[in-house]
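Undergrad: What follows is a single structure, and I will ask about it in a moment.
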Amino acid sequence: MNQGDTNAIEAALRLKEAAGDCEVVLVSMGPDDAINSLRKGLAMGADRATLVSDTGAAGSDIVGTTNVLAAVLTHETPDLILFGQQSADSDGAVLWAAVADRLRQPVISQATSLDLSEGKATVKRQTEYGYDVIEAPLPCVIAVSDGINEPRYPSLKGIMGAKKKPQAIVTLESLGVGAEQAGTAGSRTEVKSLNDPPARGDSQLIEGDGEAAARVLAFLNEKKLT
Amino acid sequence: MDFTIPEELDEIRAGVRELCDRFPGEYWRELEPDRYPEEFVKALTNDGWLSALIPEEYGGPGLTITAASVIMEEINASGCNSGACHAQMYTMGTILRHGSDEQKERLLPKIAAGELRLQAFGVTEPTAGSDTTQIQTTATPTDGGYLIQGQKIWTSRALHSDLMLLLARTTPADQVEKKTLGLSTFIVDMKQALEAGNMTIRPIKTLMNHATTEIFLDDVFVPTENLVGDEGKGFRYILDGMNAERVLIAAECIGDGTWFIDKAAAYASEREVFGRPIGANQGIQFPIAEAHTAIEAANLMRYKAAWLFEQGLPCGAEANMAKYLGAEASWQAANACLDTHGGFGFAEEYDVERKFRETRLYKVAPVSNNLILAYVGQHVLGMPRSY
Numbered sequence: 011m012n013q014g015d016t017n018a019i020e021a022a023l024r025l026k027e028a029a030g031d032c033e034v035v036l037v038s039m040g041p042d043d044a045i046n047s048l049r050k051g052l053a054m055g056a057d058r059a060t061l062v063s064d065t066g067a068a069g070s071d072i073v074g075t076t077n078v079l080a081a082v083l084t085h086e087t088p089d090l091i092l093f094g095q096q097s098a099d100s101d102g103a104v105l106w107a108a109v110a111d112r113l114r115q116p117v118i119s120q121a122t123s124l125d126l127s128e129g130k131a132t133v134k135r136q137t138e139y140g141y142d143v144i145e146a147p148l149p150c151v152i153a154v155s156d157g158i159n160e161p162r163y164p165s166l167k168g169i170m171g172a173k174k175k176p177q178a179i180v181t182l183e184s185l186g187v188g189a190e191q192a193g194t195a196g197s198r199t200e201v202k203s204l205n206d207p208p209a210r211g212d213s214q215l216i217e218g219d220g221e222a223a224a225r226v227l228a229f230l231n232e233k234k235l236t
Numbered sequence: 011m012d013f014t015i016p017e018e019l020d021e022i023r024a025g026v027r028e029l030c031d032r033f034p035g036e037y038w039r040e041l042e043p044d045r046y047p048e049e050f051v052k053a054l055t056n057d058g059w060l061s062a063l064i065p066e067e068y069g070g071p072g073l074t075i076t077a078a079s080v081i082m083e084e085i086n087a088s089g090c091n092s093g094a095c096h097a098q099m100y101t102m103g104t105i106l107r108h109g110s111d112e113q114k115e116r117l118l119p120k121i122a123a124g125e126l127r128l129q130a131f132g133v134t135e136p137t138a139g140s141d142t143t144q145i146q147t148t149a150t151p152t153d154g155g156y157l158i159q160g161q162k163i164w165t166s167r168a169l170h171s172d173l174m175l176l177l178a179r180t181t182p183a184d185q186v187e188k189k190t191l192g193l194s195t196f197i198v199d200m201k202q203a204l205e206a207g208n209m210t211i212r213p214i215k216t217l218m219n220h221a222t223t224e225i226f227l228d229d230v231f232v233p234t235e236n237l238v239g240d241e242g243k244g245f246r247y248i249l250d251g252m253n254a255e256r257v258l259i260a261a262e263c264i265g266d267g268t269w270f271i272d273k274a275a276a277y278a279s280e281r282e283v284f285g286r287p288i289g290a291n292q293g294i295q296f297p298i299a300e301a302h303t304a305i306e307a308a309n310l311m312r313y314k315a316a317w318l319f320e321q322g323l324p325c326g327a328e329a330n331m332a333k334y335l336g337a338e339a340s341w342q343a344a345n346a347c348l349d350t351h352g353g354f355g356f357a358e359e360y361d362v363e364r365k366f367r368e369t370r371l372y373k374v375a376p377v378s379n380n381l382i383l384a385y386v387g388q389h390v391l392g393m394p395r396s397y
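Listed in order, the protein sequences are those of chains A and B.
Heads up, the first sequence is in the working numbering, so the first residue is 11 and it goes up one at a time.
Heads up, the second sequence is in the working numbering, so the first residue is 11 and it goes up one at a time.
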């Protein structure tokens, strides 16, 4: 599970603990064994999980993925949708915006604090220069930053109890998502190739040969960085 | 024969590892030489890991001994030290198996919730050592209970425990049919005894940070409701708990061994001398591989002992052999790791020397490996008693 997702789960659990009567539902799309990642969220304290697992969804880009996730979320009709800011693999930080767009809901990203009251969310949004305080009516989509909280880790009872919580694995068909909307057929982008970034020609490697510190210092002096 | 590791164990392992990651080497180094890892034990307690063996009806998760041993293994494999708290997991077993319903209902839910710490086990005495039937501490009947008089030594975690399980002689040795009779097990409220001035606890400085003590008992009053089971049968009750303890200790050794092997293999592959990684030399590589092989063999015996225990089958030999193999293998791995690191192994910041000191204990406690050999020789192989 992405670290950012655990921040989102933690934020949801804190809201539930404060509000009482509500439910935290985990939603994901992936292969069958992705349920193991969701189980960690259940062990943290979420109430149930829904995983969309379908060979027809394999290879989905952001267009296909948002088609599927929006279908699940339309079915669930949550008051609040929380995302981690970005995934640990591709660091895209766009999925929440695309899902919000599909659902035609307000979206706030980079949330470092979150309060709910009187049918609206109040979010402190971290920027390069400080904070914005933004309000949005519910339902809305919020992507939380890793600074919003320190995620709890699952207790033994949580781990043991997670198995007994509802864990649904659903197909595209059950969601009413057509084959042309997901997977490679539902995608609008194609990855042609992946390459390492080009090497920087001007880099120097200074190895620890006993005089490395002096050479680093000389280099910094030369660049007037000391 | 199915060697598949149940998924549940992987989840437990991951959960323990996640907690332990918050207590890195720096944390343990700062505790040296003798500060108790309160924060670590509190985290384990709050998240329920130490109540693993308490049945669900008393508020625990009711895990198997295999699962409980995985918790201990993973603590040590992550670089932490379960010696600070392992007894909280298994000492309550004596109450669970032999205590009255009233005792179980009174104590186990509080132990499961972490409200009561029962992690002191007063058996060994200065003049008795492993010869438990020769203990001199006595419990004399008085109005409403017993008065305990005597001395215990190597009672670990006594300063960090609310209750102590204590063995005392209730019938003099010369008045019993067998010397194993006439001993009784009591639950001692340590806080109360300390406040009443009848108990003194003195820490003993040791090779490693282990919070062990000697305890002086001067007419400590224990009410009748804190006698466990029948008077005079306490020795059997204590022995009954040994198999579970042996399996858990074996797992701790395996955890230590895993830590040493991982650390040694990584360093042997990274550290370059004479223009190549030192692990390319058989003199470095083979001791690590040998130690790994020994750890794996010990691990098989640990799982076998745990399986027998869970089936309710006799497992004394296997549990003891698992502890023996684990302690020998972790010590072998410790030496391979220290040798691999050369001078750096002696530097505190590598944690090798700390783990080295910690794992040495397992060859001596809670039972000496030589006594296990004596047990195997006499009770498994039928040879004459050797001690």
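C-beta atoms are modelled at their ideal positions from N, C-alpha and C, and glycine is treated no differently.
In three-state DSSP terms, what is A:T236?
TA: Three-state DSSP puts A:T236 in coil, outside helix and strand.
Undergrad: Examine chain A for any beta-carbon lying closer than 8 Å to the beta-carbon of B:G58, and answer yes or no.
TA: Yes, B:G58 counts as interfacial toward chain A.
Undergrad: Work out the CA separation of A:T16 and A:H85 for me, nearest whole Å.
TA: Looking at the two C-alpha atoms, the distance is approximately 23 Å.
Undergrad: Helix, strand or coil: which one does DSSP assign to A:P116?
TA: It is coil, neither helix nor strand.
Undergrad: Using a C-beta to C-beta distance shorter than 7 Å, which residues of chain B count as neighbours of A:S119?
TA: The premise fails here: A:S119 is roughly 27 Å from chain B at the closest Cβ pair, so nothing lies under 7 Å.
Undergrad: Using a 10 Å radius around the Cβ and a threshold of 16 neighbouring Cβ atoms, would you call B:E17 buried or exposed?
TA: The residue is exposed, with fewer than 16 neighbouring Cβ atoms inside 10 Å.
Undergrad: DSSP three-state label for B:L391, please.
TA: Correct three-state label for B:L391: coil.
Undergrad: State buried or exposed for B:P135, treating a residue as buried only when at least 16 other CB atoms are found within 10 Å of its CB.
TA: The question names Pro, but residue 135 of chain B in the sequence shown is Glu. Counting Cβ neighbours within 10 Å, B:E135 comes out buried, since at least 16 surround it.
Undergrad: Kindly identify the DSSP beta-bridge partner or partners of B:Y156.
TA: Beta-bridge pairing links B:Y156 to B:P151 and B:V232.
Undergrad: For a cutoff of 8 Å on Cβ pairs, would you count B:E84 as touching chain C?
TA: No chain C appears in this structure, whose protein chains are A and B.
Undergrad: With DSSP as the reference, label A:Q191 as helix, strand or coil.
TA: Helix, per DSSP.
Undergrad: Could you tell me which chain A residues have their CB closer than 9 Å to the CB of B:G25, listed as they occur along the chain?
TA: The contacting residues are K50, A53, Y163, P164, S165, L166, G168 and I169.
Undergrad: Can you name, in chain order, every residue of its own chain whose Cβ lies under 6 Å from the Cβ of B:V230, other than the five neighbours on each side?
TA: I158, A203, N208 and M209.
Undergrad: Any heavy atom of the ligand NAP closer than 7 Å to the beta-carbon of A:E27?
TA: Among the components modelled here there is no ligand, and therefore nothing to report on the ligand NAP.
Undergrad: Could you compute how far the alpha carbon of A:L182 sits from the alpha carbon of A:L90?
TA: Going by the C-alpha atoms only, they are around 23 Å apart.
Undergrad: Do you know whose CA, among B:K215, B:R45, B:P65 and B:T234, lies nearest B:G155's CA?
TA: The option with the nearest alpha carbon to B:G155 is B:T234.
Undergrad: Between B:V71 and chain A, is the shortest Cβ-Cβ distance under 8 Å, so that the two count as touching?
TA: According to the sequence as given, residue 71 of chain B is Pro; it is not Val. Closer than 8 Å to some Cβ of chain A, the Cβ of B:P71 qualifies, so yes.
Undergrad: Exposed or buried, B:D361, counting other C-beta atoms within 10 Å across all chains shown (16 or more means buried)?
TA: Classification of B:D361: buried, given that the 10 Å Cβ count is 16 or more.
Undergrad: Whose CA, out of A:D57, A:K50 and A:S70, lies closest to the CA of A:E200?
TA: It is A:S70.
Undergrad: So which residues of chain A does B:I22 contact, with C-beta pairs closer than 8 Å?
TA: Under the 8 Å cutoff, chain A gives L166 and I169.
Undergrad: Is DSSP giving A:D206 helix, strand or coil here?
TA: A:D206 falls in the coil class under three-state DSSP.
Undergrad: Quick check: B:T165 and B:T223, are their CB atoms within less than 8 Å of each other?
TA: A contact, by the Cβ cut-off of 8 Å.
Undergrad: Assign A:Y139 to one of three DSSP states: helix, strand, or coil.
TA: Of the three classes helix, strand and coil, the one that applies to A:Y139 here is coil, per DSSP.
Undergrad: Is it the case that the stretch 238–245 of chain B contacts the stretch 325–333 of chain B, given that we only count it when at least three CB pairs across the two stretches are under 8 Å?
TA: Flag = no, the stretch 325–333 of chain B and the stretch 238–245 of chain B do not touch.
Undergrad: Which of helix, strand or coil does DSSP assign to B:V374?
TA: B:V374: coil per DSSP, three-state reduction.
Undergrad: Got a sec? Which residues, its chain only, sit under 8 Å from A:L230 by beta carbon, not counting five neighbours each side?
TA: Counting only Cβ-Cβ distances below 8 Å, and skipping sequence neighbours, we find T236.
Undergrad: Does any C-beta atom of chain A lie closer than 8 Å to the C-beta of B:E28?
TA: Closer than 8 Å to some Cβ of chain A, the Cβ of B:E28 qualifies, so yes.
Undergrad: Given that a residue counts as buried once 16 or more other Cβ atoms are within 10 Å of its Cβ, and exposed if not, what is B:E36?
TA: Looking at its Cβ environment, which holds fewer than 16 other Cβ atoms inside 10 Å, B:E36 is exposed.
Undergrad: Could you give the distance in angstroms between the alpha-carbon of B:V283 and the alpha-carbon of B:D266?
TA: Approximately 27 Å between the Cα atoms of the pair.
Undergrad: For the beta strand (DSSP E) containing A:T60, list its first residue and its last residue.
TA: Residues R58 to V62.
Undergrad: Between B:A62 and chain A, is there a C-beta pair that is closer than 8 Å?
TA: Cβ-Cβ to chain A under 8 Å: yes for B:A62.
Undergrad: Between A:V117 and A:L124, how many whole angstroms is the CB-CB distance? I'm expecting something under 8 Å.
TA: At roughly 13 Å, the Cβ-Cβ gap does not stay under 8 Å, so A:V117 and A:L124 are not in contact.
Undergrad: Under a three-way DSSP split, which group does B:S88 fall into?
TA: Here B:S88 sits in coil by DSSP.
Undergrad: In the DSSP assignment, find the unbroken beta strand (DSSP E) run with B:Q113 in it and report its ends.
TA: Not the beta strand (DSSP E): B:Q113 falls in the alpha helix (DSSP H), residues D111 to A122.
Undergrad: Could you have a look at B:V80 and say whether DSSP puts it in helix, strand or coil?
TA: Reduced to three states, the DSSP call for B:V80 is helix.
Undergrad: Quick check on DSSP: helix, strand or coil for B:V238?
TA: In the structure shown, B:V238 sits in a strand (DSSP, three-state: E or B).
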